[in-house]
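Under the UniProt record's numbering, the sequence shown is numbered contiguously, ending at residue 460.
Glycine is no exception: its CB is placed at the ideal position from the N, C-alpha and C atoms.
To keep things clear, I will list the structure first and then write my remarks on it.
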Amino acid sequence: MKSGGILSTLKSRWRWFVGTSMTVLLLVGLYTALAPKQYMTEAQDYFTVAGGGTDSDMYQGSIYVSSQMGSYRSLAASPLILDPVIKELGLDMQSEDLAGKLAITSPEDTSIVIIQAHDTDPKRAQDICNSVAKHLAQAAVDLSPRRASGKHMADAQVLMPAALPTVASAPNPYNNAIMGIAAALAAGLAAALLRGLLDPKIRTSRQLVRSRDTGALLAVLPKDDAVQGGGRFDPSHSVALEQLPANFLQGRIDDDRRPIAVVTSGDRGEGKTTVSLELARGLAASGLSVALVDAAVNSGGLGEKLGVKSGAPGLSEVLAGSIPLPKALHRPQAEPGLSVLPVGSGGLPAVAMIGSAAMRRLLVELGGTYDAIVIDTPGLGESTLAKTLSDLATDAIVVATPQTTREELAAVMERIQAHDGLAVSKVLNKASASDPAQGLEGRHASVTPLELPPRARFGS
Numbered sequence: 001m002k003s004g005g006i007l008s009t010l011k012s013r014w015r016w017f018v019g020t021s022m023t024v025l026l027l028v029g030l031y032t033a034l035a036p037k038q039y040m041t042e043a044q045d046y047f048t049v050a051g052g053g054t055d056s057d058m059y060q061g062s063i064y065v066s067s068q069m070g071s072y073r074s075l076a077a078s079p080l081i082l083d084p085v086i087k088e089l090g091l092d093m094q095s096e097d098l099a100g101k102l103a104i105t106s107p108e109d110t111s112i113v114i115i116q117a118h119d120t121d122p123k124r125a126q127d128i129c130n131s132v133a134k135h136l137a138q139a140a141v142d143l144s145p146r147r148a149s150g151k152h153m154a155d156a157q158v159l160m161p162a163a164l165p166t167v168a169s170a171p172n173p174y175n176n177a178i179m180g181i182a183a184a185l186a187a188g189l190a191a192a193l194l195r196g197l198l199d200p201k202i203r204t205s206r207q208l209v210r211s212r213d214t215g216a217l218l219a220v221l222p223k224d225d226a227v228q229g230g231g232r233f234d235p236s237h238s239v240a241l242e243q244l245p246a247n248f249l250q251g252r253i254d255d256d257r258r259p260i261a262v263v264t265s266g267d268r269g270e271g272k273t274t275v276s277l278e279l280a281r282g283l284a285a286s287g288l289s290v291a292l293v294d295a296a297v298n299s300g301g302l303g304e305k306l307g308v309k310s311g312a313p314g315l316s317e318v319l320a321g322s323i324p325l326p327k328a329l330h331r332p333q334a335e336p337g338l339s340v341l342p343v344g345s346g347g348l349p350a351v352a353m354i355g356s357a358a359m360r361r362l363l364v365e366l367g368g369t370y371d372a373i374v375i376d377t378p379g380l381g382e383s384t385l386a387k388t389l390s391d392l393a394t395d396a397i398v399v400a401t402p403q404t405t406r407e408e409l410a411a412v413m414e415r416i417q418a419h420d421g422l423a424v425s426k427v428l429n430k431a432s433a434s435d436p437a438q439g440l441e442g443r444h445a446s447v448t449p450l451e452l453p454p455r456a457r458f459g460s
């Protein structure tokens, strides 16, 4: 993973990073505070050739002692030494247990063996260390060969007896703090990255762009409770809103068809109605005449956001032929260039009529009057209407949120990509304010009217 991806993951998963890091630090702190204190002390044994022999005896003895230093280290932790120590001190343990309390070393090119002993009782640590040093020195002499005179070739003595330790050697707060901080940072980073890899949801625009489906990213709309509740964005304060219609038009520069944009999502609550409304508003603000159609027959409420009375005749009645289209269209005074066709009575009759020839005739009629048509549809998790309408559309816009899973998005994209002439794009709604909006760099264009063909060509 690149450094940019790591930083992006840390931004979006900072709670995991902080939580895991603090947990590790807490555990290290608890261990440091509650772990039994250990006291350590050391003694030193010195090994040399025994005196009183000839020059040849002294030379051979020197070679022998030098060659045995490794053996003396092993001997110090063997039962031959430790069993007498246990008996002498009355310890309730086996030689293997006592060996675990010892560290035996020998500096290079010396005849010294260093015995270190640790224990929770400082006096016991001192006694163990001195007893091991004493028995090792005696055993080294007893095990050495004898000369012709009958004397042993090696000699040994305790060079430095163990002192009584007064300060605990472990746990070491300073060392534990350094190791704890390093472990906490590593664990926090690992937790954040692992959570990012395993999280099935599309949390950022970077993940939306990298999803395995096709489709350009039109806009990243930040989470705004006032806006999600139906309030109006102020375009002067939101570049993200400008990007939505601007990028939509920019992507259609080489497409001379009149835009019929179907807006859908995987399920309700992902903001497709908000995206439909703001796209239509942005296109109207650019100088286009726009028809906004509420085809969300099971949850329609788009008209009410524009001041249309609930239950007013609309799409359902037009498709049923009970009223003509012009009487069902509403033109909000505060929205120049924008007309809205509310859902009307909705329900099953409208669902049945959406895929009929009446719907195609409706779109043809709208195309004879308006430069662009935006259709708000139910989520594909609720209905197949978006799939049906996409067969009549030039563009499909799929809305996702940080709560949308990769599998849900893939399923929507697979169902919506019905024919080669359909341009599919994506919008990330309710994004974090820190979202880097990956995939939009360089795409933003000023909102200018499209050069549209004559309306008579629509539907041909």
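Taking only three categories from DSSP, how would you classify Leu-7? In the sequence shown, counting from the first residue as 1, residue 7 sits at position 7. Here Leu-7 sits in helix by DSSP.
When you compare each of Glu-108, Ile-81, Pro-107 to Ala-99 by their alpha carbons, which one comes out closest? Here residue 99 corresponds to residue number 99 of the sequence shown, with the count starting at 1. Checked all of Glu-108, Ile-81, Pro-107; the closest Cα to Ala-99 is Ile-81.
Counting only the same chain and skipping the five closest in sequence on each side, list residues whose C-beta sits under 8 Å from that of Asp-234. Here the question's residue 234 lines up with position 234 in the sequence shown. In this prediction, Asp-234 scores a pLDDT of 44, lower than 50, which makes its location untrustworthy; the coordinate-derived value is nonetheless stated afterwards. Hits under 8 Å: none found.
Beta-carbon separation of Leu-428 and Ala-393 under 8 Å? Counted from its first residue, the sequence shown places residue 428 at position 428. Counted from its first residue, the sequence shown places residue 393 at position 393. Cβ distance not < 8 Å, so Leu-428 and Ala-393 don't count as in contact.
Using only the alpha-carbon positions, how far apart do Phe-17 and Tyr-174 sit? As a first step, residue 17 is located in the sequence shown; it is residue number 17 there, counting from the start. As a first step, residue 174 is located in the sequence shown; it is residue number 174 there, counting from the start. Each residue's alpha carbon lies about 23 Å from the other.
For Pro-377 versus Leu-389, is the C-beta spacing smaller than 8 Å? Against the sequence shown, residue 377 aligns to sequence position 377. Against the sequence shown, residue 389 aligns to sequence position 389. Reading off the sequence, residue 377 comes out as Thr, not Pro. Contact: yes.
I need the boundaries of the beta strand (DSSP E) containing Val-427, first residue and last residue. Walking along the sequence shown from the start, residue 427 turns up at place 427. Element bounds for Val-427: 423-431.
Inter-residue Cα distance where the pair is Glu-408 and Lys-223: Taking the sequence shown and counting its residues from 1, the one referred to as residue 408 is at position 408. Taking the sequence shown and counting its residues from 1, the one referred to as residue 223 is at position 223. Each residue's alpha carbon lies about 21 Å from the other.
With a threshold of 8 Å, are at least 3 pairs of Cβ atoms found where one atom belongs to the segment 137-156 and the other to the segment 53-72? With a cut-off of 8 Å, the segment 53-72 and the segment 137-156 count as touching, because enough Cβ pairs lie within range.
Of all the options Asp-92, His-135, Pro-259, which has the alpha carbon lying nearest to the alpha carbon of Leu-75? By 1-based counting over the sequence shown, the position of residue 75 is 75. Just measuring C-alpha positions, the residue of Asp-92, His-135, Pro-259 sitting nearest Leu-75 is His-135.
May I ask you to list the residues that DSSP assigns as paired with Met-160? Taking the first residue of the sequence shown as 1, we reach residue 160 at position 160. Beta-bridge analysis with DSSP links Met-160 to Gln-44.
Distance between beta carbons of Thr-264 and Ala-400, contact taken as under 8 Å: Residue numbering aside, residue 400 sits at position 400 when the sequence shown is read from its first letter. Residue numbering aside, residue 264 sits at position 264 when the sequence shown is read from its first letter. So it is not a contact: roughly 11 Å between Cβ atoms.
Between Tyr-31 and Ser-169, which are expected to be in contact by the criterion C-beta below 8 Å, what is the C-beta distance as a whole number of angstroms? Sequence index remark: in the sequence shown, residue 31 carries index 31 (1-based). Sequence index remark: in the sequence shown, residue 169 carries index 169 (1-based). Contact doesn't hold; Cβ gap of about 15 Å is too wide.
Is the beta carbon of Thr-273 closer than 8 Å to that of Leu-302? Along the sequence shown, read from residue 1 onward, the residue named residue 302 stands at position 302. Along the sequence shown, read from residue 1 onward, the residue named residue 273 stands at position 273. Against a cut-off of 8 Å, the Cβ pair of Thr-273 and Leu-302 comes out as a contact.
Could you name the residues that DSSP lists as bridge partners for Ile-115? Here residue 115 refers to the residue found at position 115 when the sequence shown is read from its first residue. Paired residues: Ala-43, Ile-104.
Name the DSSP beta bridge partners of Asp-294, please? In the sequence shown, counting from the first residue as 1, residue 294 sits at position 294. Residue pairing of Asp-294 in beta bridges, as defined by DSSP: Asp-376.
Rounded C-beta distance between Leu-292 and Phe-248? I'm assuming under 8 Å. On the sequence shown, residue 292 is found 292 positions in, with the first residue counted as 1. On the sequence shown, residue 248 is found 248 positions in, with the first residue counted as 1. Actually they do not touch by this definition, with Cβ atoms about 14 Å apart.
Got a sec? Which residues, its chain only, sit under 8 Å from Asp-365 by beta carbon, not counting five neighbours each side? Indexing the sequence shown from 1 puts residue 365 at position 365. The sequence as given places Glu at residue 365; Asp does not occur at that position. Result list for Glu-365: Leu-325, in chain order.
Exposed or buried, Met-413, counting other C-beta atoms within 10 Å across all chains shown (16 or more means buried)? Here residue 413 refers to the residue found at position 413 of the sequence shown. Result: buried.
For Ala-410 and Val-398, the rounded distance between their alpha carbons: Within the sequence shown, the letter at position 398 stands for residue 398. Within the sequence shown, the letter at position 410 stands for residue 410. C-alpha of Val-398 to C-alpha of Ala-410: approximately 11 Å in a straight line.
Euclidean distance between Cα positions of Met-179 and Lys-37: On the sequence shown, residue 179 is found 179 positions in, with the first residue counted as 1. On the sequence shown, residue 37 is found 37 positions in, with the first residue counted as 1. Distance between the alpha carbons of Met-179 and Lys-37 is about 18 Å.
Report yes if the C-beta distance between Glu-42 and Ala-139 is below 8 Å; otherwise report no. Counting from one through the sequence shown, the residue named residue 42 turns up at place 42. Counting from one through the sequence shown, the residue named residue 139 turns up at place 139. No.
Tell me the start and end of each unbroken beta strand (DSSP E) in the segment 245-330 that is at least 3 residues and wholly inside, in chain order. Entirely contained in the segment 245-330, the beta strand (DSSP E) runs reaching 3 residues are, in chain order, 260-265, 290-294.
Identified DSSP bridge partners for Val-398: Residue 398 sits at position 398 when you count from the first residue of the sequence shown. For Val-398, the pairing in a beta bridge is given by DSSP as Thr-264, Lys-426.
By how many angstroms is the C-alpha of Ala-191 removed from the C-alpha of Ile-45? Taking the first residue of the sequence shown as 1, we reach residue 45 at position 45. Taking the first residue of the sequence shown as 1, we reach residue 191 at position 191. What sits at residue 45 in the sequence shown is Asp, not Ile. Rounded to whole angstroms, Asp-45 to Ala-191 spans 50 Å at the Cα level.
For the putative contact between Pro-336 and Ala-372, defined by C-beta atoms under 8 Å, what is the C-beta separation to the nearest angstrom? Looking up residue 336 in the sequence shown gives position 336. Looking up residue 372 in the sequence shown gives position 372. At roughly 14 Å, the Cβ-Cβ gap does not stay under 8 Å, so Pro-336 and Ala-372 are not in contact.
Less than 6 Å between C-beta atoms, sequence neighbours within five positions excluded: which residues of the same chain meet that for Val-24? Taking the sequence shown and counting its residues from 1, the one referred to as residue 24 is at position 24. Excluding the 5 residues flanking it on each side, Val-24 has same chain C-beta neighbours closer than 6 Å at Ala-183, Ala-184, Ala-187, in chain order.
List the residues that DSSP assigns as beta-bridge partners of Arg-146. Walking along the sequence shown from the start, residue 146 turns up at place 146. Arg-146 is bridged to His-152.
State the Cα-Cα distance for the pair Lys-305 and Arg-258, rounded to the nearest angstrom. In the sequence shown, the residue the question calls residue 305 occupies position 305. In the sequence shown, the residue the question calls residue 258 occupies position 258. Taking the straight line from one Cα to the other gives about 26 Å.
Distance between Ala-50 and Ser-21 (C-alpha atoms, nearest Å): If you number the sequence shown from 1, residue 21 lands on position 21. If you number the sequence shown from 1, residue 50 lands on position 50. Each residue's Cα considered, the two are about 60 Å apart.
Taking its Cβ as the centre, do 16 or more other Cβ atoms sit within 10 Å of Ile-416, making it buried, or is it exposed? For this step, residue 416 is matched to residue 416 along the sequence shown. By the neighbour-count definition (other C-beta atoms within 10 Å, threshold 16), Ile-416 is a buried residue.
Roughly how many whole angstroms lie between the Cα atoms of Ala-35 and Ala-117? Reading the sequence shown from its first residue, position 35 is the one you call residue 35. Reading the sequence shown from its first residue, position 117 is the one you call residue 117. Those two C-alpha atoms are separated by around 18 Å.
Residues near Leu-10 by beta carbon distance below 7 Å, same chain, minus five either side: Walking along the sequence shown from the start, residue 10 turns up at place 10. The residues are Phe-17, Ala-192.
Given that a residue counts as buried once 16 or more other Cβ atoms are within 10 Å of its Cβ, and exposed if not, what is Glu-88? To locate residue 88, count along the sequence shown from 1; it is residue 88. Residue environment for Glu-88: exposed (fewer than 16 other C-beta atoms within 10 angstroms of its C-beta).
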